[in-house]
Structure formats: structure tokens, C-alpha cells
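Numbering (numbering that gives the first Met the number 0), first residue to last: 0 to 220.
All C-beta atoms in this analysis are idealised placements derived from N, C-alpha and C, irrespective of residue type, glycine included.
These numbers come from a predicted model, not from an experiment.
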Amino acid sequence: MSRSEKAKLELYTAILSYLNENRNVTCNIRAFMWSISKFRKLTEEIRCKQMELSSESLEKSLQVSKAKDDLILLLLPVITSLHNYAKETKDVQLKSTTRVTYSQIVRIQDRELIEKTLMITRLAEKYMTRMRRQEITIHTLQNLRYKAEKFRLLLEDRFFSFISSSALLAMNALFAEADKMLYNFIDNFVESLSEGYPEFHRNYLKIRNFQAREKKAALSE
């Protein structure tokens, strides 16, 4: 959920809380009470979709994290073997290229890690026949490419599944319907009570204006 959507949900919650506290005013208009009930139901459904999206996102993130850990665990011994070979043969360029620590590897960006893995794999393929004492096999390099590709696909899947998620599409539709209910019904009912209940009307507008400023601040961050 974006910051603007979170701000909007906070607005819905604040309005429902205020209207609930003033049921002595709203209960006099049956259509107003129906609108509030419908608006509350939409808000609850949005919260449910938010939880569903959070669950999907967490599951995807765990899969990506595991794939990244698996890739790093296989990559580091290959880098170490290449670096040791470079020191033994005094290959300055190879030594410089493979001078990478675990802390450096885990901090680099995901896409950069994939590129680094493929680059190291190509180097290992180039030098492996000369590295008699270093344990780099064709199977290891094939596995390294496989894990890099698996990691890449999981990254893309996490991104595109969120963009096209049915829960996300449903939540967007719920927001649109809730906005329609708020602007076309609840706001109008409150406005119709401005003369009979001026304090109720004034405090409602304060909530609306305050939350509007909060939403604007969220959008500008």
C-alpha cells in the first residue's frame, strides 16, 4: 500500500470514528446511516485486502532472500578459489577482481549480485583447467548459473506479481468505491446538517481538512 493510500485509509478511519461518536446526529437520517454502514464495510474490506497483500509480499520476500543466500553461499567459495589461484600465480588483475569479502557481497544490489555472479562464472570457466589444486568443477559452475537465474526470476516474479496481483486490483476498486461513497453521499449528508448541527459540521470539516493535509504531505515525500 502506497503512502497516499495509507493516508486515505487513515481518513476513512477518522471519519468513521467521528460519525460513530455522533450517532445521535446521524441516526435521524436513514439514508445517512445506510451510507455510513456501506462506507464502513468498504473500509473493512480494504483492510482485509491490505493484509492479504502484506502476506503475499512477505512470502515472496522470503523466497527471494533464501535464493539470494543460496547464491552467495555457492559463489563465495568460487571467488576464494580464484583469488587463491591469482595469489599463487601473481595474476594482479585476477587478484584485484576477486578481492571481495562476504560483507561486500551481501551489501551489493540484487541486480549487481547477478551480474557479479555471471562475471565470476565466466572467469572460473576460463581458469578452471589451470587450477589443479582448486576445487571448481563444471557442475559447480552450472549450479551457479542456475541459482543466479533462479534468483533473477524470483526478483521479477515478486515485482510483476505485486503489480498484477488480483488483491491489489480489488483493493484499488474498493478505494474507488469508498471515495465515491464519501464524496457523493457522506460529505453531502454532513453538509445538509450544517445549519441544524453547526458544531458537528465544523468538526467534520476539520477532520477532512487535516487528513487532506496529511495525504498531501505523504504524496510529497
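Candidates T97, E194 and V105: closest to A123 by CA position: Proximity to A123 across T97, E194 and V105 peaks at T97, based on C-alpha coordinates.
If contact is defined by three or more beta carbon pairs under 8 Å, each pair taking one atom from either stretch, is the stretch 111 to 125 in contact with the stretch 70 to 82? The stretch 70 to 82, when compared against the stretch 111 to 125, does touch it at the 8 Å Cβ threshold.
Verify whether the separation of the beta carbon atoms of M170 and I45 is less than 8 Å. Yes, the Cβ-Cβ distance between M170 and I45 is below 8 Å.
Since E176 and L41 are thought to touch, with beta carbons under 8 Å apart, how far apart are those beta carbons, to the nearest angstrom? Rounded to whole angstroms, the Cβ separation of E176 and L41 is 6 Å, and the two are in contact under 8 Å.
For E44, which three-state DSSP category applies? Of the three classes helix, strand and coil, the one that applies to E44 here is helix, per DSSP.
Output yes or no for whether 8 Å exceeds the beta carbon distance between L18 and T12. No, the pair does not count as a contact, with Cβ atoms beyond the cut-off.
Kindly indicate which three-state DSSP category K89 falls into: helix, strand or coil? DSSP, read as helix, strand or coil, puts K89 in coil.
Starting from the Cα of N183, find the closest Cα among Y84, F38 and E114 and give me that residue. Out of Y84, F38 and E114, F38 has the C-alpha closest to the C-alpha of N183.
Residues of its chain near D90, where Cβ-Cβ distance is below 8 Å and the 5 sequence neighbours each way are ignored: The residues are Y84.
Taking the alpha-carbon positions, what's the L57 to E194 distance? Near 50 Å, if we compare the C-alpha coordinates of E194 and L57.
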